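Peer 1: Using our numbering, the first residue of the sequence shown is number 6, and each one after it goes up by one. Glycine residues also receive a C-beta, built at the ideal position from the N, C-alpha and C atoms. Keep in mind that this is a model prediction, so the values were computed, not measured.
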Amino acid sequence: MILSSSPLVEEESEMDFNSILVVDNNPMMLKFMSGMLQKKGHTVFSAEDGLSASGILKEHIPDVVFVDLIMPNISGKQLCRMIRQDPRLKDVRIVILSAVAAEEEPNLAELKADACIAKGSFKTMAENVTTVLNRLKTGDSEGLEKDIFGADFVAPRAISRELLSTQRHFEIILANMTEGILELSPDSRIVYANPVAASLLGKPEVVLLASEFTSLFQEEDRRRIERVLEELGDIPRVLPEEPPVKLNGRRFAMKMIPIRGNGDRAVIVMLNDVTDRKKIEAQLLHARKMEAIGTLAGGIAHDYNNLLMGIEGYASLILNKAPPDTEYREYVEAIEESVQRGSDLTRQLLTFARGGQYNARPTDINDVIRESVSMFGRTRKEISIREKYDEKIWLVEVDRGQMEQVLLNLFVNAWQAMPGGGDLYIRTENAVLDETTLARFKIIPGDYVRISITDTGIGMDDHTRQRIFEPFFTTKEMGRGTGLGAGVGLRHHRKPRRFHQRVQ
6 MILSSSPLVE EESEMDFNSI LVVDNNPMML KFMSGMLQKK GHTVFSAEDG LSASGILKEH
66 IPDVVFVDLI MPNISGKQLC RMIRQDPRLK DVRIVILSAV AAEEEPNLAE LKADACIAKG
126 SFKTMAENVT TVLNRLKTGD SEGLEKDIFG ADFVAPRAIS RELLSTQRHF EIILANMTEG
186 ILELSPDSRI VYANPVAASL LGKPEVVLLA SEFTSLFQEE DRRRIERVLE ELGDIPRVLP
246 EEPPVKLNGR RFAMKMIPIR GNGDRAVIVM LNDVTDRKKI EAQLLHARKM EAIGTLAGGI
306 AHDYNNLLMG IEGYASLILN KAPPDTEYRE YVEAIEESVQ RGSDLTRQLL TFARGGQYNA
366 RPTDINDVIR ESVSMFGRTR KEISIREKYD EKIWLVEVDR GQMEQVLLNL FVNAWQAMPG
426 GGDLYIRTEN AVLDETTLAR FKIIPGDYVR ISITDTGIGM DDHTRQRIFE PFFTTKEMGR
486 GTGLGAGVGL RHHRKPRRFH QRVQ
């Protein structure tokens, strides 16, 4: 509904709106409104855009805010949302000053504004401002949000309609882009954020507006961004992806585009979430690395196996020709024993190189663990082993030999982490895992058996924990281990595994 102006209310009318904020980027309008309201006895604050107004609102709480809708550096619409989201400003009245009321009627309900006045002649505007203030003061505000005071004195303009249409067009594009788009003021404060940017930064737009962009990031990234902003000339700059900027557990690529106008420089920031891409790149690099290691391991294993076959053959010939009571027979048998151990290592290398060929059969995992504990416990008396088995444990398909190797390697590692002795806790239980639980493991939901092994040792640092399943990785001294145990043993048992530990 559009109303004409009401009769001029006498200036003597009592008003108790002591403090008023006027926000408009037109200097003449700002001067007119400030002067008129000051003559009526109000304390007036003025701001040329929403960004300046947000600073005033942090220090002062006005009774009424007169705000222009179309402004740089935080628009009137954005400022209205910021005011309504701030509990401190819940009692502030908002009056829209619209220069395009004839071309586009503002949606006061959406803006949660109390009234709207069309910009026109100063005389007509003065009458409408006085009328609106008095109606707000007396509580006669029913229907105010449906009225545009003075709109019937303003003629629609084709050029304004075209500009508004173009603005809406670009607003839709920005709101639906897959990249996060931010606009920064000359002092690097956020004056615009599209929905994707707000989502990536983890804060709603009304919270981001007027905040300093670099303050969102940790110190190292903050310094990098500040340096690029300081050095930014007239050419767009891309922040190097390595290392990527981090925020809220995500990784970002960032491009900064300078925009100059009216003597000032604004900056458009484009944010791209590269977290998933970086993860895929890391997985691909790891796969290539494993492929190269596998090829190398396969070649070494074949050559090594040929050497072992020669040693084993000659050892057998010696035993066949040697008398049963010869003194060197036990030495030859020791050679054969070493050859057998070498063959086991070769088999591990070939298993890894070929992608895993296991003899998996239905197995009671409790029996496997008990036997492994028995072998380990006989030689490590200083370790107290505490076992808790689920006696109704489900059968699982595993290669018994490989699983025993994994367990013994874990037990030995635990012993080495407790040189002065300690406790080793072992527990089994059935577990039904759903899609949510298994999403990170890329394994189908279903029935599983959980094996928990805990020790009271010194633990692992983050770097070690991230590499425990990598073949040939070991923290042991040269000659004390191959690093193949967990990596080869668990590599092709299609079960999830997770290590929890705390360094104390």
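1. Return the residue from the list E332, D467, Y394 and N418 that minimises the CA-CA distance to I388.
2. When the Cα atoms are used, what is the spatial distance from V72 to A120?
3. Could you pull out every unbroken alpha helix (DSSP H) segment of at least 4 residues lying fully inside the stretch 353 to 419, listed in chain order?
4. Could you tell me the boundaries of the alpha helix (DSSP H) in which I186 lies?
5. Let me check one thing: in DSSP terms, what residues is V69 bridge-paired to?
6. Exposed or buried, which one is G81 when buried takes at least 16 other CB atoms within 10 Å?
7. Based on the DSSP output, what are the partners of V196 in its beta bridges?
8. Report yes or no: do three or more beta-carbon pairs, one from the stretch 398 to 411 and one from the stretch 362 to 372, lie closer than 8 Å?
9. When the Cα of Y453 is compared with those of K397, N139, L206 and P241, which residue comes out closest?
10. Which value, in whole angstroms, describes the spacing of the CA atoms of A302 and F218?
11. Helix, strand or coil for T331? Go by DSSP, reduced to three states.
12. For D226, report the span of its alpha helix (DSSP H) as first-last.
13. Using three-state DSSP, classify K63 as helix, strand or coil.
14. With burial defined as no fewer than 16 other Cβ atoms inside 10 Å of the residue's Cβ, what is the status of P249: buried or exposed?
15. Please report the distance separating the alpha-carbon of I185 from that of M261.
16. Just the C-alpha distance for D428 and V437, rounded to the nearest angstrom, thanks.
17. Residues in the same chain with beta-carbon distance under 8 Å from H47, minus the five sequence neighbours each way, listed in chain order, please.
18. Would I374 pass as a contact of T433 if the rule is Cβ separation under 9 Å?
19. Need the endpoints of the alpha helix (DSSP H) that F218 sits in, please.
20. So, using beta-carbon positions, are R516 and S220 closer together than 9 Å?
21. What are the boundary residues of the beta strand (DSSP E) that A436 is part of?
22. Count the other CB atoms within 10 Å of the CB of E132; is the residue buried (16 or more) or exposed (fewer)?
23. For S525, collect the residues of the same chain with a Cβ closer than 8 Å to its Cβ; drop the 5 residues on either side in sequence, then sort them by chain order.
24. When the Cα atoms are used, what is the spatial distance from R93 to A215?
25. Within the continuous beta strand (DSSP E) that includes V454, where are the two ends?
26. Per DSSP, which residues does C121 bridge with? Please list them.
27. Going by the CB atoms, is the gap between D278 and L205 shorter than 9 Å?
28. Rounded to a whole number of angstroms, what is the C-alpha to C-alpha distance between N414 and Q288?
29. May I ask you to report which of helix, strand or coil DSSP gives V337?
30. Exposed or buried, what is D269 when buried is set at 16 or more other beta-carbons lying within 10 Å of its beta-carbon?
31. Who pairs with I273 in a beta bridge, going by DSSP?
32. My output table needs one value for A52: the three-state DSSP class, helix, strand or coil.
33. Exposed or buried, what is M314 when buried is set at 16 or more other beta-carbons lying within 10 Å of its beta-carbon?
34. For my contact list, L113 and I101 are in at a C-beta cut-off of 8 Å; report their separation, rounded to the angstrom.
35. Candidates R140, G238, S103 and I79: which alpha carbon is nearest A198's?
36. Start and end of the alpha helix (DSSP H) containing A82?
Peer 2: Checking against the coordinates, here is how it stands:
1. By one-based count along the sequence shown, residue 388 stands at place 383. Ranking E332, D467, Y394 and N418 by Cα distance to I388 puts N418 first.
2. Locating residue 72 in the sequence shown gives position 67, where the first residue counts as 1. Locating residue 120 in the sequence shown gives position 115, where the first residue counts as 1. Going from the Cα of V72 to the Cα of A120 covers about 11 Å.
3. With a minimum length of 4 residues, the continuous alpha helix (DSSP H) runs that stay inside the stretch 353 to 419 are 370 to 382.
4. Within the sequence shown, the letter at position 181 stands for residue 186. The continuous stretches of alpha helix (DSSP H) do not include I186, which lies in the beta strand (DSSP E) extending over residues G185 to L189.
5. Translated into positions along the sequence shown, residue 69 becomes position 64. Note: V69 is bridge-paired with I25 and R98 in the DSSP secondary-structure output.
6. Here the question's residue 81 lines up with position 76 in the sequence shown. With 16 or more Cβ atoms within 10 Å of its Cβ, G81 is classed as buried.
7. For the purposes of this step, residue 196 is taken as residue 191 along the sequence shown, with counting starting at 1. Answer by DSSP bridge pairing: none, since V196 is not bridged.
8. Yes, since at least three Cβ pairs between the stretch 398 to 411 and the stretch 362 to 372 fall closer than 8 Å, the two stretches touch.
9. Counting from 1 along the sequence shown, the entry for residue 453 is found at position 448. The residue with the shortest Cα to Cα distance from Y453 is K397.
10. Working through the sequence shown from its first residue, we reach residue 302 at position 297. Working through the sequence shown from its first residue, we reach residue 218 at position 213. The alpha-carbon separation between A302 and F218 amounts to approximately 51 Å.
11. Taking the first residue of the sequence shown as 1, we reach residue 331 at position 326. DSSP places T331 in coil when its eight states are reduced to three.
12. One-based indexing of the sequence shown puts residue 226 at position 221. E224 to E236 is the extent of the alpha helix (DSSP H) around D226.
13. For the purposes of this step, residue 63 is taken as residue 58 along the sequence shown, with counting starting at 1. In this structure, K63 counts as helix in the three-state DSSP scheme.
14. Counting from 1 along the sequence shown, the entry for residue 249 is found at position 244. In summary, P249 is buried, with 16 or more beta-carbon neighbours lying within 10 Å of its beta-carbon over all protein chains present.
15. One-based indexing of the sequence shown puts residue 185 at position 180. One-based indexing of the sequence shown puts residue 261 at position 256. The amino acid at residue 185 is misidentified as Ile; the sequence shows Gly. C-alpha separation (whole angstroms): 12 Å.
16. Taking the sequence shown and counting its residues from 1, the one referred to as residue 428 is at position 423. Taking the sequence shown and counting its residues from 1, the one referred to as residue 437 is at position 432. Rounded to the nearest angstrom, the two C-alpha atoms are 29 Å apart.
17. By one-based count along the sequence shown, residue 47 stands at place 42. Closer than 8 Å at Cβ, skipping near neighbours: M20, F22, N23, S24 and I25.
18. Position 369 of the sequence shown holds residue 374. Position 428 of the sequence shown holds residue 433. Closer than 9 Å, so yes.
19. Taking the sequence shown and counting its residues from 1, the one referred to as residue 218 is at position 213. Per DSSP, F218 belongs to no alpha helix (DSSP H) and is neither H nor E.
20. In the structure as shown, the chain starts at 6 and stops at 509, and residue 516 therefore has no counterpart that could be examined.
21. What you label residue 436 is simply residue 431 of the sequence shown in a count that begins at 1. Note, A436: beta strand (DSSP E), G427 to L438.
22. Indexing the sequence shown from 1 puts residue 132 at position 127. Buried, since its Cβ has 16 or more Cβ neighbours within 10 Å.
23. Outside the displayed range of the chain (6 to 509) lies residue 525, so it cannot be described from this structure.
24. Position 88 of the sequence shown, counted from the first residue, corresponds to residue 93. Position 210 of the sequence shown, counted from the first residue, corresponds to residue 215. The straight-line gap separating the alpha-carbon atoms of R93 and A215 is approximately 17 Å.
25. Your numbering for residue 454 matches position 449 in the sequence shown. It spans G451 to D460 - the beta strand (DSSP E) in which V454 sits, taken as one unbroken run.
26. Along the sequence shown, read from residue 1 onward, the residue named residue 121 stands at position 116. According to DSSP, C121 shares a beta bridge with I101 and I153.
27. Locating residue 205 in the sequence shown gives position 200, where the first residue counts as 1. Locating residue 278 in the sequence shown gives position 273, where the first residue counts as 1. It is a contact, given that the beta carbons lie within the stated cut-off.
28. Along the sequence shown, one-based indexing puts residue 414 at 409. Along the sequence shown, one-based indexing puts residue 288 at 283. A straight line joining the alpha-carbon of N414 with that of Q288 spans about 26 Å.
29. Translated into the one-based positions of the sequence shown, residue 337 becomes position 332. Three-state DSSP puts V337 in a helix.
30. Locating residue 269 in the sequence shown gives position 264, counting from the first residue. By the 10 Å Cβ count, D269 comes out exposed.
31. Your numbering for residue 273 matches position 268 in the sequence shown. Its beta-bridge partners are E188 and I262.
32. To locate residue 52, count along the sequence shown from 1; it is residue 47. DSSP places A52 in the strand class (E or B) of the three-state scheme.
33. Position 309 of the sequence shown, counted from the start, is the residue given in the question as residue 314. Around the CB of M314, fewer than 16 other CB atoms lie within 10 Å, so the residue is classed as exposed.
34. Position 108 of the sequence shown holds residue 113. Position 96 of the sequence shown holds residue 101. A Cβ-Cβ separation of about 7 Å places L113 in contact with I101 under the 8 Å criterion.
35. Mapped onto the sequence shown, residue 198 falls at position 193. Minimum Cα distance to A198 is reached at I79.
36. By one-based count along the sequence shown, residue 82 stands at place 77. Reading off the sequence shown, one finds Lys at residue 82, where the question assumed Ala. Per DSSP, K82 is one residue of the alpha helix (DSSP H) stretching across G81 to Q90.
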